[in-house]
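Numbering (the working numbering), first residue to last: 541 to 612. The beta-carbon is built from N, C-alpha and C at its ideal position, and this holds for glycine as well. As the structure is a computational prediction, the values presented were derived from the model and not from experiment.
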Amino acid sequence: MVTHINLKRCIGCQFCVQVCPRGCFEYDFEINKVKLVNPILCLKCRACELNCEGDAIRIEKPIFQNFFAQLI
Ligand code: SF4
Ligand code: SF4
C-alpha cells in the first residue's frame, strides 16, 4: 500500500496530522498544506484517508500488486 496526497485538494485542515498514529504527516506553513514525511512508518490504518476534509488522501496498492491480483 502507498499513501498519496493530492496537494491540489488539500485544504490544510491538519486532521491527517492529528489522527495519524505514526507521525507520517507534517504541516508545511509555507504552502499551508501537509507533506508525507515518514511513509515507511505507515500502518495502512486508513485513518488519514477517512478523516481527510479535502478528500485528498488515497491509500493505494502498488501497481505490481494490482497487476498480480488480476491474475488470481
Ligand atoms: S494510513 Fe494510518 S498510519 Fe498510514 S499515514 Fe494514514 S493515518 Fe498514518
Ligand atoms: S486531512 Fe486532507 S485536507 Fe486536511 S491537511 Fe490532511 S491532506 Fe490536507
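- Around the CB of I597, 16 or more other CB atoms lie within 10 Å, so the residue is classed as buried.
- In the three-state scheme derived from DSSP, where H, G and I count as helix and E and B as strand, I597 is classed as strand.
- Boundaries of the beta strand (DSSP E) harbouring E566: F565 to D568, taken from the DSSP string.
- Within a 10 Å sphere around the beta-carbon of I580 sit fewer than 16 other beta-carbons, which makes this residue exposed.
- Near ligand 1, meaning a Cβ closer than 6 Å to any of its heavy atoms, lie the following residues in chain order: T543, V559, C560, P561, R562, C564, C582, L583, K584, C585, R586, A587, C588 and I599.
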